[in-house]
Amino acid sequence: MNLNIKRIFTILLSGLFGSSVLMAAESAPIDTGSTAWMLTSTALVLLMVPGLALFYGGLVRSKNVLGTMMHSFAAMGIITVLWMVAGYSLSFGRNVLGGFFGWNKDYFFLKGIDSNILDAGIPEYVFTMFQGKFAIITPALIAGAFAERISFKAYCFFIAIWSLLVYDPLCHWVWASDGFLFNLGAKGAIDFAGGTVVHISSGVSGLVAAIYLGSRRGYPYQVIRPNNLVITMLGAGLLWVGWFGFNAGSSISSGLSTAQALTATQIAAASGALTWIVIEGIHKGKTTALGFASGILAGLVAVTPAAGVVQPYGALFIGLFATLFCYTAIQIKNKLGYDDSLDVFGIHGVGGITGALLLTFFIRPSWMADAAKVSHTGSWTIWNQLGVQSIAVGVAIAYAAIMTLVIIYVLNKVMKIRSDEEDEMAGLDRSYHGERGYGMVNPS
Amino acid sequence: MKLITAIIREVQLDKVREALIEAGINRITVSLVSGNGRQRIEEMYRGLTIIPDLIPKIRIEIAVNDESVEKAIQTILKAAKTNGPQGSSGDGKIFVIPLEDCIRIRTGERGPSAI
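Taken in sequence, the protein lines are chains A and B. Just so we're aligned, residue 3 is where the first sequence starts under our numbering, counting upward by one. Just so we're aligned, residue 27 is where the second sequence starts under our numbering, counting upward by one.
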C-alpha cells in the first residue's frame with residue numbers, strides 16, 4: 003500500500019517536472035530498506051577519506067602532516083565537484099567513442115536525474131553520491147606514493163586530470179552496464195567494489211608517479227620515521243569501518259548479497275592483519291602496530307573485488323595471501339630503493355592484483371552455475387574466468403601506468419610538480435599551507 | 027672542552043646535520059624550541075595573517091674537544107646561513123661556553139675522552 007502510494011507519487015512528480023528520463027522511475031518504486039542502507043554506505047565510504055588522511059598523516063614527518071592530510075581532504079572538494087559536473091556522466095553514461103567512456107547529457111551537472119529511481123529501488127542521487135565517494139578516495143590513495151615532496155597546486159591539477167582521464171573511463175569499462183570489461187566472458191570481469199578500478203589503478207599510478215618524481219630528499223640514507231602512529235592506527239580503524247560501506251554497499255541493495263559481502267570483508271581484514279603480525283613476528287621478532295594496520299589494509303584491498311562472489315573460507319585465504327604478497331613486495335621495494343613513500347603500490351597495487359586474480363579460485367558454486375547458463379558454450383570453468391580476470395587486471399595496469407606517465411609528463415611542462423628543495427626541507431605544511439600541524443613536537 | 031649551542035632555522039636542520047656529519051661531528055642533541063629575535067614570520071589563521079611573537083627554532087647542542095670547536099662553528103655557520111653571503115634575520119646564533127667536565131655514564135670515564 004505504502005509502496006503504491008510512493009509509486010503514484012513518483013509518477014506524479016515525474017509528470018509535474020516533465021523529465022524525459024524516467025523510464026526506470028515509472029517501473030521501480032523506492033525500496034526504503036535498500037535506500038537506507040545505501041545512504042549509510044555512502045556516508046561510510048566518505049568516512050574512509052578522513053580515515054585515509056589520518057592513516058597517511060601519521061606516517062609522514064611532523065612538518066608534512068597537514069599537507070599530507072590535505073591531499074585526502076582536497077580530493078573531497080575537487081573530485082566531488084568534478085563528479086557532479088562530468089565524472090558521473092563519463093563513468094555511467096552510455097558508451098561513446100566506441101565505449102572509451104560514457105556520456106549522458108542528463109548526468110551533466112546532474113541536472114536531469116532529480117526524480118530518477120533506479121531499478122534497484124534507490125534514488126539515482128544516492129547511487130551517484132555513493133559512486134562519487136569511490137572517485138574521491140582513489141586519487142587520494144595515490145597521494146601516499148609521492149608524499150612529502152609534491153607541490154599542492156600541482157597535486158590538485160594532477161588528481162583532477164587523473165580522475166577524468168583514468169578513473170572515469172576505467173570505472174565505465176568495469177561498472178557501467180555497457181562497459182567492455184563488465185561484459186567480458188560469461189558474466190563479466192568480477193570487480194565487486196573496485197579491485198581494478200580503485201586499487202590497481204591507484205597503486206600502479208602511484209608507482210609510476212613515485213618513480214617519475216624521484217625520492218624524497220635524503221631517502222634512503224636519512225631515516226624517515228612516522229611522526230604519529232597513534233593517528234595512523236585511528237585512520238586504519240576508520241578505514242576498516244568505512245570499508246563495510248565500500249564493499250557491502252557495492253551490492254546496491256540491502257539483502258543477501260550485502261550480507262555475503264560484509265562477511266567476506268570482515269574475515270579478509272582480520273586474516274590479513276593476523277597474517278602480517280605472524281610473518282613479522284617470525285621475520286623480525288617483533289609485531290608492530292603499523293604491521294597490523296598494514297595487514298588490515300592488505301586484506302581489505304584484496305577482498306574488495308572479491309566480496310560479492312567468495313564465501314568465508316575464500317575470504318580467509320584471500321586475506322592471507324594478500325598479506326603474504328604485500329609484505330614480500332614491500333621487502334623487495336626496500337631492496338630496489340625507489341621511494342613509494344607510503345607503499346601505495348605495495349599495498350593497493352599488489353593487494354588489488356592478488357584479490358582480482360585469486361578470487362577466481364573461491365567463487366561460490368551458484369555464481370559459476372549461473373555463468374555456465376549464460377555462456378554460449380553452456381559451460382564456464384574457473385580457468386575461463388581467470389582469463390577474464392587477467393584481462394581486466396592487465397587492462398587496468400597498462401591503462402593506469404601509461405596515462406599517469408602521460409599526465410605527469412605533460413603537467414610537468416606546465417608547472418613544476420615536484421616541490422622545490424627549499425619547500426621540501428621546510429615541509430609541505432609551512433611551504434604550501436602556512437600552518438603547523440603540531441605545537442612543540444621535536445623534529446623526527 | 028666547549029659546549030656549542032646553536033639556535034637555527036627549522037628548515038636548515040637537514041643541511042646543518044648533513045654538514046656536521048660530513049665534518050665528522052655525529053654526536054649531537056636536537057630539540058625544538060621557540061624564541062623571539064629579529065625575525066618576523068607570517069602564519070595563516072582562517073584568512074587572517076598572524077605574526078606569532080614566538081617563532082619555532084631548532085636548538086642544537088654539541089659538546090666538543092677544543093681542537094674541533096672552530097670546525098664545528100664554521101660548519102654550522104656555513105650551513106645555517108640563508109639568502110647568500112649577507113644572510114637574513116632569523117638565521118640564528120651560536121653560543122660557545124666552557125665545559126667543566128664530561129662523564130660517560132656507561133663507563134664513568136671523564137674528560138675529553140668521554141666526548
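Built from N, CA and C at the ideal position, the CB exists for glycine as well. Keep in mind the model is a prediction, meaning the values are calculated, not measured.
Output needed for residue i: all residues of its chain with C-beta closer than 6 Å, excluding positions within five of it in sequence on either side, in chain order.
i	result
residue 81 (chain A)	137, 138, 165
residue 394 (chain A)	183, 191, 198
residue 14 (chain A)	A caution first: residue 14 (chain A) carries a pLDDT of 43, below 50, which makes its placement in the model too unreliable to give a value.
residue 142 (chain B)	Coverage of chain B is limited to positions 27 through 141, which leaves residue 142 (chain B) absent and any answer about it impossible.
residue 145 (chain A)	73
residue 126 (chain A)	115, 118, 120
residue 426 (chain A)	151, 219
Take the Cβ of residue i as the centre, count every other Cβ of all protein chains shown within 10 Å, and call the residue buried at 16 or more, exposed below.
i	result
residue 383 (chain A)	exposed
residue 19 (chain A)	Low confidence applies to residue 19 (chain A): its pLDDT is 40, below 50, so where it sits in the model is not reliable, and the reading given next is rough at best. Exposed, because fewer than 16 other Cβ atoms sit within 10 Å of the Cβ of residue 19 (chain A).
residue 66 (chain A)	buried
residue 46 (chain B)	buried
residue 48 (chain A)	buried
residue 133 (chain B)	exposed
residue 431 (chain A)	buried
residue 285 (chain A)	exposed
To the nearest angstrom, how far is it from the Cα of residue i to the Cα of residue j?
i	j	result
residue 378 (chain A)	residue 372 (chain A)	12 Å
residue 325 (chain A)	residue 281 (chain A)	9 Å
residue 72 (chain A)	residue 28 (chain B)	44 Å
residue 142 (chain A)	residue 161 (chain A)	8 Å
residue 35 (chain B)	residue 48 (chain B)	20 Å
residue 76 (chain B)	residue 68 (chain B)	6 Å
residue 215 (chain A)	residue 170 (chain A)	24 Å
residue 206 (chain A)	residue 116 (chain B)	43 Å
residue 179 (chain A)	residue 388 (chain A)	21 Å
residue 134 (chain A)	residue 104 (chain B)	52 Å
residue 347 (chain A)	residue 421 (chain A)	22 Å
residue 175 (chain A)	residue 186 (chain A)	10 Å
residue 58 (chain B)	residue 296 (chain A)	31 Å
residue 195 (chain A)	residue 403 (chain A)	21 Å
residue 39 (chain A)	residue 263 (chain A)	13 Å
residue 62 (chain B)	residue 70 (chain B)	19 Å
residue 53 (chain B)	residue 278 (chain A)	36 Å
residue 130 (chain A)	residue 245 (chain A)	18 Å
residue 473 (chain A)	residue 80 (chain B)	Residue 473 (chain A) lies beyond the stretch modelled for chain A, which goes from 3 to 446, so this question has no answer here.
residue 131 (chain B)	residue 44 (chain A)	59 Å
residue 86 (chain A)	residue 115 (chain A)	11 Å
residue 117 (chain A)	residue 163 (chain A)	30 Å
residue 375 (chain A)	residue 259 (chain A)	20 Å
residue 23 (chain A)	residue 250 (chain A)	Only weak support exists for where residue 23 (chain A) lies, its pLDDT of 40 falling under 50; the value from the coordinates is given anyway. Rounded to the nearest angstrom, the two C-alpha atoms are 28 Å apart.
residue 86 (chain B)	residue 51 (chain A)	38 Å
residue 224 (chain A)	residue 34 (chain A)	56 Å
residue 401 (chain A)	residue 409 (chain A)	12 Å
residue 111 (chain B)	residue 31 (chain B)	22 Å
residue 218 (chain A)	residue 58 (chain A)	16 Å
residue 17 (chain A)	residue 368 (chain A)	Caution applies to residue 17 (chain A), whose pLDDT of 39 falls short of 50 and renders its modelled position unreliable; the model cannot decide the point.
What residue does the alpha helix (DSSP H) around residue i start on, and which one ends it?
i	result
residue 278 (chain A)	258 to 286
residue 411 (chain A)	384 to 416
residue 245 (chain A)	231 to 250
residue 368 (chain A)	367 to 376
residue 142 (chain A)	126 to 144
residue 214 (chain A)	203 to 215
residue 171 (chain A)	170 to 177
residue 74 (chain B)	Premise fails: residue 74 (chain B) lies in the beta strand (DSSP E), 74 to 76, not in any alpha helix (DSSP H).
residue 198 (chain A)	Per DSSP, residue 198 (chain A) belongs to no alpha helix (DSSP H) and is neither H nor E.
residue 230 (chain B)	With chain B covering 27 to 141 only, the question about residue 230 (chain B) has no answer from this structure.
residue 82 (chain B)	Careful: residue 82 (chain B) lies outside any alpha helix (DSSP H), inside the beta strand (DSSP E) at 81 to 90.
Once you ignore the five residues that flank residue i on each side, which residues in its own chain have a CB closer than 7 Å to its CB?
i	result
residue 323 (chain A)	356, 360
residue 298 (chain A)	238, 242, 271, 274, 275
residue 349 (chain A)	296, 299, 300, 303, 328
residue 66 (chain B)	77
residue 1 (chain A)	Because residue 1 (chain A) is not part of the residues shown, which for chain A are 3 to 446, the question remains open.
residue 291 (chain A)	231, 235
Tell me which same chain residues have a C-beta within less than 8 Å of the C-beta of residue i, skipping the five on either side of it?
i	result
residue 105 (chain A)	91, 92, 95, 96, 98
residue 143 (chain B)	For chain B, the structure presents residues 27 to 141; residue 143 (chain B) sits outside this window and is missing.
Just to confirm the assignment, what range does the beta strand (DSSP E) spanning residue i have?
i	result
residue 296 (chain A)	Here residue 296 (chain A) belongs to no beta strand (DSSP E); instead the alpha helix (DSSP H) covers 291 to 305.
residue 424 (chain A)	That residue, residue 424 (chain A), is in no beta strand (DSSP E); its alpha helix (DSSP H) goes 423 to 428.
residue 97 (chain A)	96 to 98
residue 124 (chain B)	118 to 124
* Asked: At a Cβ cut of 7 Å, what residues of the segment 139 to 163 of chain A count as close to chain B, listed as they run along the chain?
  -> none
* To do: Mind checking the segment 87 to 102 of chain B against chain A and listing, in chain order, the residues whose C-beta falls within less than 9 Å of any C-beta there?
  => none
* Would you list, in chain order, the members of the segment 33 to 48 of chain B that have their beta-carbon closer than 9 Å to a beta-carbon of chain A? => 35, 36, 37, 38, 39, 40, 41, 43, 44
* Asked: Given a limit of 8 Å on CB to CB distance, which residues of the segment 203 to 220 of chain A reach chain B?
  -> 219, 220
* To do: With 7 Å as the C-beta to C-beta threshold (strictly closer), list the residues of the segment 116 to 138 of chain B near chain A in chain order.
  => none
* **Members of the segment 74 to 89 of chain A that neighbour chain B once the beta carbon cut-off is set at 9 Å** => none
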